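What follows is a short report on a single structure.
Residue numbers (full-length UniProt numbering): 1 to 111.
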């Protein structure tokens, strides 16, 4: 089992989760985060820290696409270990459907 970041992180990008991760397996894109599925130790401490409920275990139905999404971008983006403020407008974006269309493939700052 591993944990993955799902669509609701896009355009919100809360970073509460990165501070509690004991293995630094979060990677930062311009407008979302991902978890490297091969680095995640399945401890689950990040899941309750996400205000957007965007972190899910891969054992839930239909998570295969999110495992691959997280794998792809974690290999392209820098690791993030420090909490930052969420993106501007996160309150309006939290919970909106169809956010995958807003994904930026650009890397974040990392750090």
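Glycine is no exception: its CB is placed at the ideal position from the N, C-alpha and C atoms.
All figures in this text were calculated on a predicted structure; none of them were measured in a lab.
Considering just the uninterrupted stretch of the alpha helix (DSSP H) at residue i, what are its terminal residues?
i          : result
residue 18 : 16–20
Do residue j and residue i count as a contact pair if the criterion is CB distance below 8 Å?
i           : j           : result
residue 54  : residue 106 : no
residue 109 : residue 11  : no
residue 100 : residue 13  : no
residue 67  : residue 4   : yes
residue 18  : residue 81  : yes
residue 56  : residue 6   : yes
Should residue i be labelled buried (16 or more other beta-carbon atoms within 10 Å of its own) or exposed?
i          : result
residue 23 : exposed
residue 78 : exposed
Please report the residue range of the beta strand (DSSP E) in which residue i lies.
i          : result
residue 34 : 33–35
residue 79 : Unbroken run through residue 79: none, as it is neither H nor E.
residue 5  : 3–5
Tell me residue i's beta-bridge partners as DSSP assigns them.
i          : result
residue 29 : 107
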